[in-house]
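Protein sequences appear in the order of chains V and A. The numbering used here puts the first residue of the first sequence at 2, with every later residue one more than the last. The numbering used here puts the first residue of the second sequence at 2, with every later residue one more than the last. A virtual CB, placed ideally from N, CA and C, is assigned to each residue, including glycine. Owing to the predicted nature of the structure, the values given are computational and were not obtained by experimental measurement. In what follows, a single structure is set out as structure tokens and then discussed.
There are 2 protein chains.
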Amino acid sequence: MAHISIGDLAQRTGTKVETIRYYERIGLLQAPARTAGNYRSYDEAHLGRLSFVRRARDLGFSLDQIRELLSLSDERDRSCEAVDVIARQNLAAIERKIRNLTALRDELTDLLDQCRRGTVADCRILDALAP
Amino acid sequence: MAHISIGDLAQRTGTKVETIRYYERIGLLQAPARTAGNYRSYDEAHLGRLSFVRRARDLGFSLDQIRELLSLSDERDRSCEAVDVIARQNLAAIERKIRNLTALRDELTDLLDQCRRGTVADCRILDALAP
DNA sequence: ATGGACCCTGTAGTCACTACAGGGTCAAGC
DNA sequence: GCTTGACCCTGTAGTGACTACAGGGTCCAT
């Protein structure tokens, strides 16, 4: 059981110290033991748990989804269908965002193509926005 | 100069009443005249301005960018280069988001393809997240 | 005169952090 | 033994772009 300080944990997981304390505050990470000087003292289990959280965040899961994934991953015998459902929800949300952003990009590209670098008075971009 | 109530304005621009008051509070929309009963009284100019804001929001511009676009659009004789720059910044940000989300989608799709609907203990999705 | 639809202000909540302010702890160097 | 500086603590407030009340006032029709 090595003692890991919050700064070490932050560095080893690529998280900011404040973010770790935030995760603890909202109950996503369990509060660790404290040293005599009231410093947080983490161990390898905490490191694993935080790595999990950060990887899931990188994959676009919300903190609520991660909370659920964490509690599911503790019930080893359960079917992983619930995990699948959460992942699929996440995927659907991501695909929706991609579609919206792609439509946006196309519209903006069109607008920019029409720009003739004249004065503001005959700017196509502003035209497109005006009523 | 027709009198337009905040509710009418909201309906005609597809904005919520609270959002209009919020735009006024942050100085994005000018405060309108008031009626005897202290109700906000808008006119066609306000309608145009709010439509502009909403359209720009739909195109992914931030409120700060919109603030700049609005002030630029008032200087009719100026070169529209600055408008172009803002639009290009917006486009670049959108393209960055699309790239990130696409990478995310591919990773998630891979993970989901590997799901064999077993127990949580051998769930590939959780494996990928665990340290 | 009363009901309901609308309006007002002000404040707090959302998400996932981030940034202080104002202090305490600890190890190294002098 | 003392100081310096890096680290840590709590608590609060800020970010963007809204959204959602609470607790009241206004207006118009019945």
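How would you list, in chain order, the residues of chain V whose beta-carbon sits under 9 Å from the beta-carbon of residue i?
i      : result
A/A131 : G49, S52, F53, R56 and S74
A/D70  : According to the sequence provided, residue 70 of chain A is Leu. The question's Asp does not apply to it. Going along chain V in sequence order, the residues near A/L70 (Cβ under 9 Å) are I126, L127 and L130.
A/L64  : Ordered by position in chain V, no residue passes the 9 Å Cβ test against A/L64, which lies about 14 Å from the chain.
Please list, in chain order, all residues of the same chain as residue i whose beta carbon is under 8 Å from its beta carbon, the five residues on each side excluded.
i     : result
V/E35 : Looking at the sequence provided, one finds Arg at residue 35 of chain V rather than Glu. Answer for V/R35: R41 and S42, listed in chain order.
A/I7  : V18, I21, R22, Y40, R41 and Y43
V/H47 : I5, L10, L30, Q31 and P33
In chain A, which residues lie with their C-beta within 9 Å of the C-beta of residue i?
i      : result
V/D107 : Within 9 Å Cβ-Cβ: nothing; V/D107 doesn't reach chain A, min ~10 Å.
Interface residues of chain A around residue i at Cβ under 8 Å?
i     : result
V/S80 : R118, G119, T120 and V121
Suppose the cutoff is 7 Å on Cβ atoms and the five residues either side in sequence are ignored; what does the same chain contact list for residue i look like?
i      : result
A/A32  : E25
V/I87  : Q66, E69 and L70
V/A129 : L112
A/R55  : T14, G15 and T16
V/V121 : L127
What does a CB cutoff of less than 6 Å around residue i pick up in its chain, not counting 5 residues either side in sequence?
i     : result
V/L73 : A83 and V84
A/L51 : T14
V/A37 : none
In chain V, which residues lie less than 8 Å from residue i when you measure between Cβ atoms?
i     : result
A/G38 : The premise fails here: A/G38 is roughly 28 Å from chain V at the closest Cβ pair, so nothing lies under 8 Å.
A/L30 : The contacting residues do not exist; A/L30 stays about 14 Å from chain V at best.
A/R77 : T120, V121 and A122
Residues of chain A with CB under 7 Å from residue i, in chain order?
i     : result
V/R41 : In chain order: nothing, as chain A lies at least about 19 Å away.
Short of 7 Å Cβ to Cβ, which residues in the stretch 84-104 of chain A face chain V? So the list reads V84, D85, A88, R89, N91, L92, I95, E96, K98, I99, L102 and T103, given in the order they occur along the chain.
Counting Cβ pairs, one atom from each stretch, are 3 or more of them under 8 Å apart for the stretch 111-123 of chain A and the stretch 87-99 of chain A? Contact between the stretch 111-123 of chain A and the stretch 87-99 of chain A is not established, with fewer than three Cβ pairs separated by less than 8 Å.
Length-filtered (3 minimum) beta strand (DSSP E) runs lying within the stretch 25-66 of chain V: Along the length of the stretch 25-66 of chain V, whole beta strand (DSSP E) runs at least 3 residues long do not occur.
Along the stretch 9-24 of chain A, where does the CB come closer than 8 Å to a CB of chain V? Name the residues. Against chain V - using a Cβ distance shorter than 8 Å - the stretch 9-24 of chain A contributes no residues.
Residues in the stretch 115-127 of chain A with C-beta within 9 Å of chain V's C-beta atoms, listed in sequence order? Cβ contacts with chain V come from C116, R117, R118, G119, T120, V121, A122, D123, C124, R125, I126 and L127.
Does the structure place the stretch 75-91 of chain A close enough to the stretch 99-108 of chain A that three or more beta carbon pairs sit under 8 Å? Contact between the stretch 99-108 of chain A and the stretch 75-91 of chain A is absent, because fewer than three Cβ pairs lie under 8 Å.
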